[in-house]
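Quick note, the working numbering runs 79 ahead of the 1-based positions in the sequence shown.
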Amino acid sequence: MKGQKQLKISKVVKIDSRKSWEHHITDATNKGFPVMVHFSAYWCSPSIAMNPFFQELASTYQNVLFLDVDVDEVKEVGSKMEIKAIPTFLLMNGGAPVDKIVGANPDELRKRMNCFIIQKKFPSQCDDDA
């Protein structure tokens with residue numbers, strides 16, 4: 080069963096180079112897909128703890144590209160995106176950042192994803208809805 084096999088494949092793409100980053104961001108932009116990036120580090124317990132939740136989000140939001148970037152492995156991407164703390168989650172649209180969530184906060188991450196994806200608003204506009 081082809082469909083069942085695909086369900087077991089991770090929906091989160093691991094970025095291992097600047098070239099890979101540029102390819103995926105360009106591809107998502109050209110297809111009109113938003114991108115959610117988890118900037119992580121192998122040594123960061125909160126980053127590791129967020130991995131299952133990030134996988135769950137990727138399964139929930141089928142029309143969003145989910146990327147994982149280890150800031151120690153791909154330093155130039157973390158630097159370019161001005162990542163100062165781990166974990167950081169960056170929501171991008173049209174190749175540009177639209178929201179940044181710093182820290183391991185699943186509830187806040189889900190709230191902002193829902194706001195942006197479902198309501199089609201920029202996350203900063205959602206604060207008024209709470």
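For glycine and all other residues, C-beta sits at the position ideal for the given N, C-alpha and C.
As the structure is a prediction and not an experimental result, all values here were calculated from the model.
### Message
Run through the DSSP bridge pairs and tell me what T167 is partnered with.
### Response
For the purposes of this step, residue 167 is taken as the residue at position 88 of the sequence shown. T167 is bridged to F118, V181.
### Message
Whether or not the region 118-126 and the region 161-178 are in contact is what I'm after, with contact meaning three or more pairs of Cβ atoms, one per stretch, closer than 8 Å; do they touch?
### Response
yes
### Task
Report the partner residues of E172 according to the DSSP bridge assignment.
In the sequence shown, residue 172 corresponds to position 93, counting from 1. The identity of residue 172 in the sequence shown is Asn, whereas the question assumes Glu. Its beta-bridge partners are A175.
### Query
Three-state secondary structure (DSSP) at D147?
As a first step, residue 147 must be located in the sequence shown, where it is residue number 68. Note: D147 maps to strand in three-state DSSP.
### Query
Any idea if I180 is buried or exposed, counting beta-carbon neighbours within 10 angstroms, 16 or more meaning buried?
Position 101 of the sequence shown, counted from the start, is the residue given in the question as residue 180. The residue in question, I180, is buried, as its Cβ has 16 or more Cβ neighbours within 10 Å.
### Query
When DSSP labels each residue in this structure, what does V153 get in the three-state scheme?
Counted from its first residue, the sequence shown places residue 153 at position 74. In this structure, V153 counts as coil in the three-state DSSP scheme.
### Task
State the DSSP-derived secondary structure class of K110, mapped to helix, strand or coil.
Position 31 of the sequence shown holds residue 110. DSSP places K110 in helix when its eight states are reduced to three.
### Message
Checking the sheet assignment: what are the DSSP bridge partners for K98?
### Response
Locating residue 98 in the sequence shown gives position 19, counting from the first residue. DSSP output for K98 lists no bridge partner at all.
#### Entry: Chain-order list of residues whose beta-carbon lies under 8 Å from that of P185 (same chain, five-residue window excluded)
Residue numbering aside, residue 185 sits at position 106 when the sequence shown is read from its first letter. The answer, listed in chain order, is M129, F132.
### Whether M192 touches V116 by CB criterion (8 Å)
Position 113 of the sequence shown, counting from 1, holds the residue named residue 192. Position 37 of the sequence shown, counting from 1, holds the residue named residue 116. Cβ distance not < 8 Å, so M192 and V116 don't count as in contact.
### Message
If distances are taken between C-alpha atoms only, which option among K190, G174, I197 comes closest to V114?
### Response
For the purposes of this step, residue 114 is identified with residue 35 of the sequence shown, where counting begins at 1. Of the listed residues, the one whose Cα sits closest to V114 is G174.
### Distance between S138 and E101 (C-alpha atoms, nearest Å)
Working through the sequence shown from its first residue, we reach residue 101 at position 22. Working through the sequence shown from its first residue, we reach residue 138 at position 59. Roughly 23 Å separates the two Cα atoms.
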